[in-house]
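Below: one structure, written as structure tokens.
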Amino acid sequence: MSLFNELRRRNVFRVTIGYIVSSWLLVQVADLVLENIGAPDWVMKTIMLVLALGLPVVVFFSWAYEVTPEGIKRESEIDRSQSITHVTGRKLDRAIVGVLLVAIAYLAYDKFILDPERDAALIKDLEQTVVEQAPAASQAVAEPGADAASIAVLPFADLSPAGDQEYFSDGIAEEILNVLVGVEGLHVTSRTSSFQFKDGDLGIPDIARSLKVRHVVEGSVRKSGEAIRVTAQLIDADNDRHLWSETYDRPLTAENIFAIQDEIANSIVEALSNTLGVGDLEVGEVEATTKNLTAYELFLQARPLFLARVNLDVADNLLEQALEQDPGYAEAWEMRAALQALKVNYGYSKIPIEQAEREGLEFAQRALEIDPRSAMALAVIARARGDSAEGLRSKDDIAEIIVLFDQALEISPRNASALNWRGLRFMLVGDLEKALNDFATCMQYEPYYVPCTENHFLTLGLMGRDKESLDAYLTALNLSTTKAEYAHFAGLARLGEELLFKALTNDASVLRGWRRHDELWNAYRNPGQDYGELIESIRLHTESHGQLVKEDFEYLVHPLGNDWRIPSRLMLWDASMKHYRQSKAFKSYIREAGVFAYWRQVGFPPQCRPVGQDDFECK
0 MSLFNELRRR NVFRVTIGYI VSSWLLVQVA DLVLENIGAP DWVMKTIMLV
50 LALGLPVVVF FSWAYEVTPE GIKRESEIDR SQSITHVTGR KLDRAIVGVL
100 LVAIAYLAYD KFILDPERDA ALIKDLEQTV VEQAPAASQA VAEPGADAAS
150 IAVLPFADLS PAGDQEYFSD GIAEEILNVL VGVEGLHVTS RTSSFQFKDG
200 DLGIPDIARS LKVRHVVEGS VRKSGEAIRV TAQLIDADND RHLWSETYDR
250 PLTAENIFAI QDEIANSIVE ALSNTLGVGD LEVGEVEATT KNLTAYELFL
300 QARPLFLARV NLDVADNLLE QALEQDPGYA EAWEMRAALQ ALKVNYGYSK
350 IPIEQAEREG LEFAQRALEI DPRSAMALAV IARARGDSAE GLRSKDDIAE
400 IIVLFDQALE ISPRNASALN WRGLRFMLVG DLEKALNDFA TCMQYEPYYV
450 PCTENHFLTL GLMGRDKESL DAYLTALNLS TTKAEYAHFA GLARLGEELL
500 FKALTNDASV LRGWRRHDEL WNAYRNPGQD YGELIESIRL HTESHGQLVK
550 EDFEYLVHPL GNDWRIPSRL MLWDASMKHY RQSKAFKSYI REAGVFAYWR
600 QVGFPPQCRP VGQDDFECK
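Letter 615 of the sequence shown, counting from 1, is numbered 614 in numbering that gives the first Met the number 0, and no numbers are missing.
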């Protein structure tokens with residue numbers, strides 16, 4: 000008899016499979032129980048070690064021994080004609096099937112019951128925390144009353160035969176919103192706020208109450224062949240009464256699309272001015288940014304990807320195609336300029352950052368040649384120059400860079416990207432009050448704009464306002480405008496929020512599956528020591544599990560004493576980085592990045608002071 004057949008006859012395969020499945024099930028249950036009782040990590044490690052060591056023992060036992068009606072005997076002592084391994088095998092088969100069914104049931108229970116319950120419990124706790132602690136983030140965002148001159152533009156419905164023109168209908172609604180934003184005296188809810196109700200079930204009055212507006216614009220778009228039909232209506236949400244409505248049937252051309260947007264915006268403003276008596280409101284003329292319909296449609300497909308910071312490589316390709324159709328399309332040039340560095344930062348391109356910055360600058364210059372008042376192009380140039388100086392890839396004048404941002408915001412005061420990027424420059428130079436003001440202003444205009452939301456609560460943490468930072472973070476988490484990996488972990492440690500710290504670092508986007516969260520918590524509680532081995536453990540785990548991009552990894556480990564890297568501006572001024580600010584490396588970086596020259600030009604931040612003619616110190 001072959002070895003394989005003998006192994007099968009002695010039920011070695013069955014016993015091995017049964018042991019592995021049973022061990023896996025035991026580990027899952029133990030993990031759940033130990034987590035609930037707060038057992039230390041070594042308990043789970045011990046269980047897994049014992050189970051691993053037990054496998055060869057079980058395999059040997061199944062080979063050398065047999066279960067008989069008279070008890071356990073050595074296999075060599077049993078007459079083959081009297082062997083009952085076939086009976087035992089059938090029993091093992093039933094047992095294995097039973098264990099597998101239990102395992103499947105557990106998986107289903109974990110996925111469909113435990114996971115939702117854990118998520119719901121976390122959300123409930125966070126919501127309760129937000130209510131009890133009166134979050135500063137919500138206070139920082141302006142809450143205008145529902146006066147007569149307040150309005151929201153909802154996404155227009157796509158009624159095209161194929162149902163594949165959602166980007167087009169959204170684009171028309173967004174363009175109308177952008178026109179209304181420029182009407183002085185009219186409060187217009189941001190795109191990120193109004194578009195969150197897309198595909199929802201709430202009625203107009205409920206949406207208006209949520210957005211704190213009196214009026215709502217809704218509509219639909221139908222593209223069919225060479226024709227387009229746009230329907231729009233203005234609704235008084237207080238009584239759900241239609242104040243104005245109109246249907247536009249036109250040949251499908253770029254000129255007609257912009258003309259329809261102009262007519263709708265002017266009709267809305269006229270209705271508000273004449274019917275409601277809110278005073279004279281004037282709307283500027285909608286200018287056709289391109290005469291090429293294909294280019295415009297490609298731009299509309301790229302824009303939501305850019306705003307959401309997803310599929311940025313796809314967005315860039317769409318814009319490239321748009322510019323092939325219309326090389327004079329300034330909006331496409333400025334958006335493509337903004338995309339270049341973002342593609343690298345968000346992991347959608349592996350080209351060197353220097354190349355991305357260079358191409359971004361070239362595209363921004365093309366936009367300015369076409370439209371000298373391109374606010375986004377000016378902001379992109381300022382951002383690229385600032386990032387290059389910050390990363391020590393070039394030397395530049397930070398004061399001059401901030402002036403460029405000022406110019407962009409003078410042209411477009413509500414430009415969320417420009418506000419966020421200027422805030423990051425202020426964060427770098429330690430002017431945290433100005434940084435906080437830029438992020439708060441950005442949130443006032445765009446409450447659901449993720450970058451400003453995250454940088455707002457991180458800046459609060461840098462300022463030592465840990466409780467406010469936590470409140471703002473919890474609010475953002477409830478609104479889905481941030482993720483676990485962007486929590487201000489150093490602030491959580493200072494506040495003693497151990498359970499929340501461990502829950503967030505256990506998130507799938509951070510360090511799920513890593514087993515040293517107790518050590519990480521203790522390290523954060525005691526910064527400034529040598530945690531090189533712990534940092535290496537985090538690095539190896541994140542690399543093997545595809546978690547945390549480079550920037551997020553460095554953000555997580557900087558408080559552990561990772562001084563050999565240039566620290567992120569997001570942690571440079573945190574209290575946990577005091578040890579770094581006392582180092583020669585810090586002074587060298589501040590000089591090379593142009594920060595010291597900026598301080599000498601405009602003044603030192605509160606946390607730093609000049610020493611002599613050519614030196615400084617920071618606390």
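For every residue, glycine included, the Cβ atom is placed at its ideal position computed from N, Cα and C.
query	result
Are the stretch 316 to 327 and the stretch 341 to 352 in contact at 8 Å, needing three or more beta carbon pairs?	no
What would DSSP say about residue 485, mapped onto helix, strand or coil?	helix
Quick check: what's the CA-CA separation for residue 302 versus residue 583?	44 Å
In this structure, how does DSSP classify residue 41 when only helix, strand and coil are distinguished?	helix
Under 8 Å, with one C-beta from each stretch per pair, do the stretch 155 to 174 and the stretch 287 to 307 reach the 3-pair mark?	yes
Cα-Cα, which of 153, 233 and 579 is closest to residue 200?	153
Do residue 218 and residue 155 have their beta-carbon atoms positioned less than 9 Å apart in this structure?	yes
Going by alpha carbons, who is nearest to residue 332 out of 316, 210, 345 and 346?	316
Suppose contacts are defined by Cβ-Cβ distances below 9 Å. Is residue 341 in contact with residue 377 by that definition?	no
Which same chain residues, not among the five before or five after residue 20, have their C-beta less than 8 Å away from its C-beta?	95, 98, 99 and 102
For residue 529, is the classification buried or exposed, using 16 other Cβ atoms within 10 angstroms of its Cβ as the cut-off for buried?	exposed
In three-state DSSP terms, what is residue 445?	coil
Use the C-beta contact count for residue 139: other C-beta atoms within 10 angstroms, 16 or more gives buried, fewer gives exposed.	Because the pLDDT of residue 139 is 35, which lies under 50, any placement of that residue in the model is unreliable, and the number read from its coordinates should be weighed accordingly. Answer is buried; the Cβ neighbour count reaches 16.
Which same chain residues, not among the five before or five after residue 572, have their C-beta less than 6 Å away from its C-beta?	429 and 461
Taking its Cβ as the centre, do 16 or more other Cβ atoms sit within 10 Å of residue 183, making it buried, or is it exposed?	exposed
Since residue 480 sits in a beta bridge, which residues does DSSP pair it with?	Answer is none; residue 480 lacks a bridge partner.
Between which two residues does the beta strand (DSSP E) containing residue 155 stretch?	Counting along the chain, residue 155 falls outside any beta strand (DSSP E), and DSSP gives it neither H nor E.
Helix, strand or coil for residue 205 per DSSP?	helix
Compute the Euclidean distance between the alpha carbons of residue 585 and residue 381, then round it to the nearest angstrom.	24 Å
Output the distance between the C-alpha atoms of residue 577 and residue 606, rounded to the nearest integer angstrom.	11 Å
Starting from residue 248, follow the beta strand (DSSP E) in both directions and report where the run begins and ends.	240 to 250
Tell me which same chain residues have a C-beta within less than 8 Å of the C-beta of residue 72, skipping the five on either side of it?	64 and 65
If you drop the 5 nearest sequence neighbours on each side, which residues of the same chain put their C-beta closer than 7 Å to that of residue 246?	228 and 230
Which two residues bound the contiguous beta strand (DSSP E) that contains residue 609?	607 to 610
Can you check DSSP and say which residues form a bridge with residue 214?	150 and 235
Could you pull out every residue in the same chain whose Cβ sits closer than 8 Å to the Cβ of residue 533, ignoring the five residues on either side in sequence?	515, 518, 519, 522 and 559
Measure the C-alpha to C-alpha separation of residue 16 and residue 67 and round it to an integer number of angstroms.	21 Å
Here's the rule I'm using: 16 or more other beta-carbon atoms within 10 Å means buried, otherwise exposed. How should residue 300 be labelled?	buried
Following the continuous beta strand (DSSP E) through residue 328, name the residue where it begins and the one where it ends.	Per DSSP, residue 328 belongs to no beta strand (DSSP E) and is neither H nor E.
Tell me which residues share the same chain as residue 465 and place their Cβ nearer than 6 Å to its Cβ, disregarding the 5 neighbours each side in the sequence.	490, 493 and 494
Whole angstroms are fine: how far does the CA of residue 419 sit from the CA of residue 441?	7 Å
Give a yes or no on whether the C-beta atoms belonging to residue 314 and residue 593 are separated by under 9 Å.	no
Which residues does DSSP pair with residue 219 in a beta bridge?	156 and 230
Along the chain, where does the beta strand (DSSP E) containing residue 560 start, and where does it finish?	Taken as a continuous stretch (DSSP letters only), residue 560 belongs to no beta strand (DSSP E), as it is neither H nor E.
The beta strand (DSSP E) with residue 67 in it runs from where to where?	64 to 67
Specify the secondary structure class of residue 136 as computed by DSSP and reduced to three states.	Residue placement at residue 136 cannot be trusted, given a pLDDT of 36 that sits under 50; the coordinates are not used to answer.
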